Every structure is written in C-alpha cells, then in structure tokens.
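The block underneath contains the structure these notes are about, expressed in structure tokens.
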Amino acid sequence: MTMRIAFVVGEFPKLSETFILGQIAGFLQRGHAVTIIAGRPGPEVFAHPDVGRYRMLERVRYWPELTGRRTGLLRLAGAALARGASIRRCRSVLRRAFVPRRASRGTAPSAAEHDAIIAHFGHVGLEALRLREAGALQGNLVTFFHAYDLSVFLKERGESVYERLFHHGDLFLPISRSWQQRLWELGCPPERTAVHPMGVDCARFSFHPRRPGPDGVTRLVTVARLVEKKGIAYALRALALVVPRYPALEYTIIGDGPLRGELENLIEELQLQAQVRIAGWMGQDALVDCLSRMHLFLAPSVTAGNGDVEGVPVALMEAMASGLPVLSTAHSGIPELVEDGVSGLLARERDVDALAENICRLLAAPAAWLAMAQAGRARVEKEFDIEKLNDRLVEKLMKLQASGTVKGSAEGSVFRR
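In numbering that gives the first Met the number 0, the protein residues as written are 0 to 416.
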C-alpha cells in the first residue's frame with residue numbers, strides 16, 4: 000500500500016542530519032509519496048548525494064520562515080490567533096501562505112493530504128501540530144525526539160511545553176531508551192511511545208579491518224560539528240598526554256562550527272600542530288574515503304554548559320560500520336550503541352586521563368582492533384541498519400493508519416517495540 004508522507008523539519012537540506020535523508024530516501028525507494036516541509040533552506044556547502052539522487056529539492060515546501068508576502072501572511076495569521084481569533088478564521092490565510100517555494104513536478108502530494116506527518120525533533124512537532132490544527136496539514140502526527148528537544152529546549156521552555164503535543168499527537172518515537180524514559184517522566188503516554196533509533200546505510204560503509212600502516216603512523220579521526228557537546232577539547236587534551244608515549248600519531252577533525260577558532264588556539268597551546276588538523280566539512284563520498292584510511296575513531300561527547308546533549312551520534316554508527324574501533328564516553332544514548340570493552344571503549348565525560356588511557360590501550364594492542372571492529376559492525380547491522388529501521392517505521396505507520404488513532408486505545412501497545 001502506497002502512503003503519502005510529509006516530513007517536517009527545521010531546515011533542509013542539512014548535512015549534519017543525514018539520518019533524516021536516510022528516512023526520506025527509504026520511503027521513496029519503497030514507492031511512497033513524500034513531501035518535505037522545512038522551516039528554511041539549509042546553508043550547507045556540501046550536499047548529500049541522496050538529495051540529488053532522489054530530487055528531494057523538488058519536493059520541498061517551506062514554513063513558516065518564508066520570504067516576502069508569505070511571511071507576512073503567516074505573521075498576520077499568528078497575530079490574529081494571539082488576539083483570540085478562531086483557528087477557522089485563520090485557515091484561509093494559512094492556506095494562501097502554505098504554497099510551494101519552487102515549482103513542483105507533480106510528484107509530491109498536496110500538503111493538506113497525508114497519511115502521516117513525520118516531525119523530526121519535538122519542537123518541530125509543536126509547529127506541525129499548529130499547522131495541522133490550522134488546517135494546513137492533515138494526517139497522523141508522528142514526532143521523533145532526538146536530544147536538543149529533550150535538553151536545551153526543555154530548559155528554555157519548561158517541562159510542560161509538550162503537554163498539548165502529548166495530548167493531540169498520534170505517535171512519539173524517541174531515538175533511545177534513555178529518551179523514552181525521559182518522555183514518560185514528562186507525561187508522554189506510554190501506549191503511544193516506542194523507541195526508534197536513527198540508522199546508517201551499512202551498504203555505503205564497507206567493512207575492512209584496520210591495521211597499523213607501514214609508515215608506523217596511527218591515524219585518529221573525529222567527525223562532528225565543532226560545538227561544546229562534541230567534547231573535542233577533551234580529545235585534544237587527552238592527545239597531549241598520549242603523544243609523549245606514542246608520537247607517531249595523526250588526528251584529523253572533520254567538521255566545522257562556532258568553536259573552530261577556540262580549538263585551533265588550543266591546538267597551538269598544547270603544541271599539537273604537527274599531529275592535529277581541522278579539515279572542515281567533507282561531502283559524503285569524501286568522508287567515506289577518508290574514514291577508510293583511518294585507524295581509530297574518537298567521539299568524546301559531553302553535556303554542554305547549556306544542557307545540550309547527544310542522542311546516539313550517527314557518526315559513531317558510520318565509524319563502526321566501516322570497521323573503525325571507537326573511543327567515546329558514557330554519555331546519553333551512546334552506551335546503547337557502544338558496549339564498553341566489546342565494540343569500543345568508553346570513558347566518563349570530561350575525564351581526560353581516562354580517555355588518554357583508553358587511547359593508549361588501543362595503541363598498545365593493535366591485535367585487539369579486529370575483534371572490536373567486528374563487534375561494532377555486527378551491532379550496527381543488527382540494531383542501526385537504516386533499511387531494517389525504515390521497514391519497521393513503515394510498519395508502524397501502517398498500523399497507525401489502520402487503527403484510525405492510537406490515542407488511549409489498546410492498539411497503541413503494538414508501538415512499544
């Protein structure tokens with residue numbers, strides 16, 4: 000059965016949200032009709048190959064941060080609602096604003112007719128709910144919760160911010176067991192909640208064992224936005240402790256962000272210029288090629304000062320799928336992916352000494368890399384393969400559609416998988 004799906008996101012396309020692209024591509028591969036509804040265009044220099052392969056930009060419609068007349072119409076509707084006007088009186092204004100930003104080739108369904116509305120991040124789910132209540136969207140509302148929406152956003156808006164979404168939404172999909180527990184604590188109905196991880200295309204990341212190179216240099220890599228929660232400063236400080244014992248190291252940081260200048264200064268302060276380089280962002284093909292030449296992967300995630308945390312980093316999944324032994328932290332949902340001592344090594348957050356010791360453990364025992372890498376690949380294939388996860392998501396949506404609604408119903412229990 001073909002379904003009509005609307006993906007609602009903050010911006011599109013966004014290179015750091017490849018997990019959303021993987022879902023969209025998966026639904027298109029399975030023959031479903033997809034519309035992408037985004038708050039704004041993504042600013043990315045590099046585009047993921049799936050964006051062009053599936054002509055995703057032709058499926059995009061933008062809300063509510065549009066330009067020109069449409070922004071004015073949305074603001075007019077918002078002001079009317081704030082003054083107490085009924086949603087019914089505002090519907091015509093919203094429908095006039097809610098039109099494609101660029102011409103469509105007819106492959107995407109009308110924005111008002113969907114079998115499911117998939118919102119990524121809780122705060123985006125709130126916007127999707129407002130659009131549905133205003134008549135600009137129709138369909139079962141399914142909201143994914145990742146990390147920011149259950150950390151920083153809650154801290155800023157208060158723990159009651161999702162009450163209306165919990166009452167009117169149809170299905171809630173946290174990406175880890177730890178976030179499922181948090182949703183329950185906030186009052187999310189258990190019968191409408193199920194863990195659904197993000198995943199990676201295992202076929203895109205071919206597995207090959209890592210061994211020390213003939214030049215004797217061990218190459219470490221991190222793939223991340225340069226923000227506090229990625230913990231890269233702690234990786235640099237740990238590396239400064241390791242280099243005196245193992246000087247034949249190279250550490251490549253793939254990514255960019257607001258902390259780039261600060262991290263470059265720290266590299267100089269620690270006198271690591273010979274070992275460390277910040278490579279900036281890479282396109283997906285270049286990233287896959289770069290990972291294939293690396294030996295160890297670092298992901299020293301921490302809780303940021305503003306409360307921002309990780310979900311389960313997709314970059315870690317990609318590294319494990321490609322055969323890289325990983326070093327990370329016991330942070331948020333990471334232990335649900337990395338089993339300490341089996342598929343990787345975990346240190347406590349911000350524990351530079353422990354992180355350095357874990358790096359030294361792997362540098363001293365390259366014979367252990369293969370078993371760790373095999374365990375990591377097996378873990379990703381079993382629990383985080385995007386193809387399997389997309390099949391499960393389609394199944395969930397079809398059950399939701401067949402039940403009519405899962406609010407307060409016995410059928411909702413099928414989603415607790």
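For glycine and all other residues, C-beta sits at the position ideal for the given N, C-alpha and C.
Computed from a predicted structure; not experimentally measured.
Among the residues of its own chain, which have a CB less than 6 Å from the CB of residue i, if the five just before and after it don't count?
{"i": "L396", "result": "A115"}
{"i": "G124", "result": "A118, T142 and L164"}
{"i": "G230", "result": "P299, S300 and V301"}
{"i": "G375", "result": "M319 and S342"}
{"i": "E348", "result": "V301, T328 and H330"}
{"i": "M316", "result": "V199, V379 and F383"}
{"i": "G388", "result": "The question names Gly, but residue 388 is Leu in the sequence shown. For L388, where only same-chain residues beyond five positions count, the Cβ hits under 6 Å are G198."}
{"i": "F144", "result": "G121, P173 and W178"}
{"i": "R181", "result": "L149"}
{"i": "E338", "result": "none"}
{"i": "G25", "result": "N389"}
{"i": "L443", "result": "The structure shown does not extend to residue 443, since the chain is modelled only from 0 to 416, so the question has no answer here."}
{"i": "V216", "result": "A247 and E249"}
Who are the Cβ neighbours of residue i in its own chain at under 7 Å, not counting the five residues just before and after it?
{"i": "H47", "result": "P12, L14, T17, L20 and Q283"}
{"i": "E10", "result": "A37, G38, R39, P40 and G41"}
{"i": "E112", "result": "R3 and Q137"}
{"i": "A372", "result": "P208, R209, G322, L323 and P324"}
{"i": "I266", "result": "L235, Q272 and V275"}
{"i": "Y250", "result": "L219, L238, Q274 and V275"}
{"i": "R244", "result": "C359"}
{"i": "A364", "result": "none"}
{"i": "E263", "result": "I277"}
Quick check: residue i and residue j, are their CB atoms within less than 8 Å of each other?
{"i": "G340", "j": "L326", "result": "no"}
{"i": "M319", "j": "R378", "result": "yes"}
{"i": "D214", "j": "I385", "result": "no"}
{"i": "F6", "j": "V33", "result": "yes"}
{"i": "I253", "j": "A232", "result": "no"}
{"i": "L149", "j": "L140", "result": "no"}
{"i": "V194", "j": "P173", "result": "yes"}
{"i": "L153", "j": "V160", "result": "yes"}
{"i": "P196", "j": "S175", "result": "yes"}
{"i": "G186", "j": "E155", "result": "no"}
{"i": "F204", "j": "V313", "result": "no"}
{"i": "T221", "j": "L345", "result": "no"}
{"i": "L354", "j": "L295", "result": "no"}
{"i": "V59", "j": "I35", "result": "yes"}
{"i": "W183", "j": "L130", "result": "no"}
{"i": "V351", "j": "L240", "result": "yes"}
If you drop the 5 nearest sequence neighbours on each side, which residues of the same chain put their C-beta closer than 8 Å to that of residue i?
{"i": "V242", "result": "L248, L271 and Q274"}
{"i": "H31", "result": "T1, M2, R3, I4 and V393"}
{"i": "S177", "result": "S331, G332 and E335"}
{"i": "E158", "result": "L185"}
{"i": "Q400", "result": "M2, D114, A115 and N139"}
Identify every residue that forms a DSSP beta bridge with residue i.
{"i": "R209", "result": "In the DSSP output, where bridge partners are listed per residue, R209 has none listed."}
{"i": "H167", "result": "None, per the DSSP bridge assignment."}
{"i": "H119", "result": "F143"}
{"i": "G279", "result": "I253 and G254"}
{"i": "I174", "result": "According to DSSP, I174 bridges with nothing at all."}
{"i": "P40", "result": "F11"}
{"i": "V301", "result": "BP columns for V301 are empty, so no partner."}
{"i": "R29", "result": "Looking at the DSSP assignment, R29 forms no beta bridge with any residue, so it has no partner."}
{"i": "T17", "result": "Looking at the DSSP assignment, T17 forms no beta bridge with any residue, so it has no partner."}
{"i": "R3", "result": "A32"}
{"i": "R60", "result": "I36"}
{"i": "F296", "result": "V220 and V325"}
Does the CB of residue i have a neighbour CB from chain D at under 8 Å?
{"i": "M281", "result": "Of the chains in the structure shown, none is chain D; there is only one protein chain."}
Length at least 4, wholly inside the stretch 352–413: the alpha helix (DSSP H) runs in chain order
You should have 368–382 and 385–402.
Determine, using beta-carbon pairs with one atom in the stretch 329–337 and one in the stretch 300–309, whether at least three such pairs fall under 8 Å.
Yes, the stretch 329–337 is in contact with the stretch 300–309.
Measuring CB atoms only, is the stretch 207–226 touching the stretch 250–260, in the sense that at least three cross pairs come out at less than 8 Å?
A contact exists between the stretch 207–226 and the stretch 250–260.
May I have a chain-ordered list of the beta strand (DSSP E) segments no shorter than 3 residues that lie completely inside the stretch 310–352?
The stretch 310–352 contains these whole beta strand (DSSP E) runs: 325–328 and 344–346.
Where in the stretch 195–256 do unbroken runs of the beta strand (DSSP E), each at least 3 residues long, occur, reported from the N-terminal end onward?
Taken in chain order, the whole beta strand (DSSP E) runs of length 3 or more contained in the stretch 195–256 are 217–222 and 248–253.
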